[in-house]
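Working notes for the structure below.
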Amino acid sequence: MSITETLALVLALGLGTWALLTGPRRFGAGLTAALAALAYLLSLAPLLWLALGGLAAGLWAVVRWSNRPAWLDGPAHKARDWNRWREITQWLLVGAIALAGAQYAVNVWQLDSGVPSVARPDVVDAFLPIAALIQLKALLTLGLWDSHHPAGLVMLLVAVGLSFTVKRAFCGWGCPLGWLGEQLYQLRRRLWHWDWRTRLAQAPQWLERGVTGVAWLSDWALRLVKYGLLAWLANLVLGGMPAMMVARYLDGAYHKAADLKMWALFTQPSTGMLLGMAAVLALAAMRRNGVCRYLCPYGALMAIAGVLSPYKVRRNTALCLREGRGMACDKCHRACPSRIRVEQVLTVHSDECHSCQRCVAACPAKGALAVSLPRHRLPLSPRLMTVILVLFLFLVPLMVHTAGLWQSDTTGQLRWMLWQQLDRLPMF
Ligand code: SF4
Ligand code: SF4
207 MSITETLALV LALGLGTWAL LTGPRRFGAG LTAALAALAY LLSLAPLLWL
257 ALGGLAAGLW AVVRWSNRPA WLDGPAHKAR DWNRWREITQ WLLVGAIALA
307 GAQYAVNVWQ LDSGVPSVAR PDVVDAFLPI AALIQLKALL TLGLWDSHHP
357 AGLVMLLVAV GLSFTVKRAF CGWGCPLGWL GEQLYQLRRR LWHWDWRTRL
407 AQAPQWLERG VTGVAWLSDW ALRLVKYGLL AWLANLVLGG MPAMMVARYL
457 DGAYHKAADL KMWALFTQPS TGMLLGMAAV LALAAMRRNG VCRYLCPYGA
507 LMAIAGVLSP YKVRRNTALC LREGRGMACD KCHRACPSRI RVEQVLTVHS
557 DECHSCQRCV AACPAKGALA VSLPRHRLPL SPRLMTVILV LFLFLVPLMV
607 HTAGLWQSDT TGQLRWMLWQ QLDRLPMF
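Counting from 1 along the sequence shown, just add 206 to a position and that's the residue number in the numbering used here.
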């Protein structure tokens, strides 16, 4: 494991521990015990897992029996505090990716002068989604585990597993590109506070209705684009490539150099690529979550997996100010970056819900809104969402690493040779 991966892991474990210690007692304790049991079961490095198991058991004891001071629990419902958990988690993930990116840049830079002394962080394989889909097909049809970019498949499965559990929380809490899009959007709003809806409100009613209708239809049509891209990729890999070709591809030079190809694509972009990147950045700046909503095939995959998630945003009408007190509250809707009409439904089934909990944080009626299981059971606080994210995005890869299934076995010498002839590599 490289230095940056270890550093990111230690930080993530620290954040997860902090969240566990400050979270609700019973759930935190159960989660810690489950983690210890899982670590033990999956262990192939008994000493490491014994140490982690001891840590988890210690945490469990602290959470279960200590009389924690009240300040440790924090306010029960304070919007700023709730949003802060998501921001801390996002910053941790963005920091981890930035560190890995810097180490990877040094690694490639050193390739020019021979075998690098700085190791390649395997987590960069997470940015090879097509390779990961091909690896998935190889695993399902041939029982073949790719040894060149295995971390890519691991991260794909982790992201899908996360979506099965808490919908698109990966998009709302974990994706560095989603975070970048949000920063661009907020920057554009600060520099140029233009909103067509505000302008339209001053227009005649017939015009307002017409434009709103066209915008609604266009939004629906554009949201299908990401599913189209996902279907095209899936068909290319799962339908268009026979199993034997998959095996040949995974053994070929092109696949072994897939990360270097990706690096060259972004660091030496063609004019078309530059124009495409500019269009994507402009979309992210002009439309909140625009890239996640319209273009990202990964987001489409998370949305499909999220349909089966038991955790969803649920509104308790007995406590909501609308039904409970007859008030015209719609704070949850106005806080939602995906503009979902939360105040009009009991459960948010929308594929655009990122489980970001902004609506929950904005709700003035305690308990009226929560990301919870059916019948409002086991609501997830942002702290517990952080713990779940850390478990999926850091501890699962650690377990896979411990089992020896994370590391690439492409040698430095081979990578140097592939780098020298990157433009001439055959695909099969
Ligand atoms: S419904 Fe709530 S959790 Fe879902 S995207 Fe909107 S604000 Fe976020
Ligand atoms: S913000 Fe809360 S109280 Fe207001 S409509 Fe939404 S769920 Fe009900």
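Glycine is no exception: its CB is placed at the ideal position from the N, C-alpha and C atoms.
Just so we're clear, the structure is a prediction, and the values are computed from it rather than from any experiment.
Cβ-heavy atom distance, residue i to ligand 2, below 7 Å
| i | result |
| --- | --- |
| C569 | yes |
| E549 | yes |
| D536 | yes |
| C381 | no |
| A524 | no |
| A437 | no |
| A574 | yes |
| L527 | yes |
| R326 | no |
| R405 | no |
| R521 | yes |
Range covered by the beta strand (DSSP E) that runs through residue i
| i | result |
| --- | --- |
| V577 | L575 to L579 |
Three-state secondary structure (DSSP) of residue i
| i | result |
| --- | --- |
| K518 | strand |
| Q627 | coil |
| P585 | strand |
| T553 | strand |
| G320 | coil |
| Q613 | coil |
| L481 | helix |
| Q563 | coil |
| E414 | helix |
| W277 | Because the pLDDT at W277 is just 38, under 50, the model does not fix this residue reliably, and the point stays unresolved. |
| M533 | coil |
| V314 | helix |
| P503 | helix |
| P603 | helix |
| V513 | coil |
| Q296 | helix |
| G446 | coil |
| C526 | coil |
| R545 | coil |
| R326 | coil |
| W438 | helix |
| A409 | coil |
| Q619 | helix |
| S353 | coil |
| S424 | helix |
| P632 | coil |
Burial state of residue i, where buried means 16 or more other Cβ atoms lie within 10 Å
| i | result |
| --- | --- |
| M605 | buried |
| G379 | Before going further, note that residue 379 is Trp rather than Gly in the sequence given. Buried, because 16 or more other Cβ atoms sit within 10 Å of the Cβ of W379. |
| P655 | Past the edges of the chain, shown from 207 to 634, lies residue 655, and the structure says nothing about it. |
| W402 | exposed |
| K572 | exposed |
| S476 | exposed |
| W315 | exposed |
| E388 | buried |
| L471 | exposed |
| P588 | buried |
| M479 | exposed |
| P516 | exposed |
| P410 | exposed |
| R540 | exposed |
| Q627 | exposed |
| M361 | buried |
| E293 | exposed |
| M591 | buried |
Endpoints, the alpha helix (DSSP H) within which residue i is located
| i | result |
| --- | --- |
| P356 | P356 to V372 |
| E388 | P382 to L397 |
| P335 | P335 to L348 |
| V493 | Note on residue identity: the sequence assigns Arg, not Val, to residue 493. It is not in any alpha helix (DSSP H) - R493 carries neither H nor E in the DSSP assignment. |
| V452 | A449 to D457 |
| R403 | W402 to L406 |
| K572 | Here K572 belongs to no alpha helix (DSSP H), and DSSP marks it neither H nor E. |
| F472 | A464 to T473 |
Heavy atom of ligand 1 within 7 Å of residue i beta-carbon
| i | result |
| --- | --- |
| Q563 | yes |
| P585 | no |
| I336 | no |
| H560 | yes |
| W541 | What sits at residue 541 in the sequence shown is Ala, not Trp. Yes, Cβ of A541 sits closer than 7 Å to a heavy atom of ligand 1. |
| I174 | In this structure the chain extends from 207 to 634, so residue 174 is not present and cannot be described. |
| V554 | yes |
| I340 | no |
Distance between beta carbons of residue j and residue i, contact taken as under 8 Å
| i | j | result |
| --- | --- | --- |
| A375 | H555 | Not a contact, Cβ separation roughly 15 Å. |
| T553 | R583 | Not a contact, Cβ separation roughly 13 Å. |
| A576 | F370 | Not really, about 19 Å apart at Cβ, beyond 8 Å. |
| L439 | P503 | 6 Å |
| A344 | L436 | Wrong, their Cβ atoms sit about 19 Å apart, outside the cutoff. |
| K462 | L620 | 7 Å |
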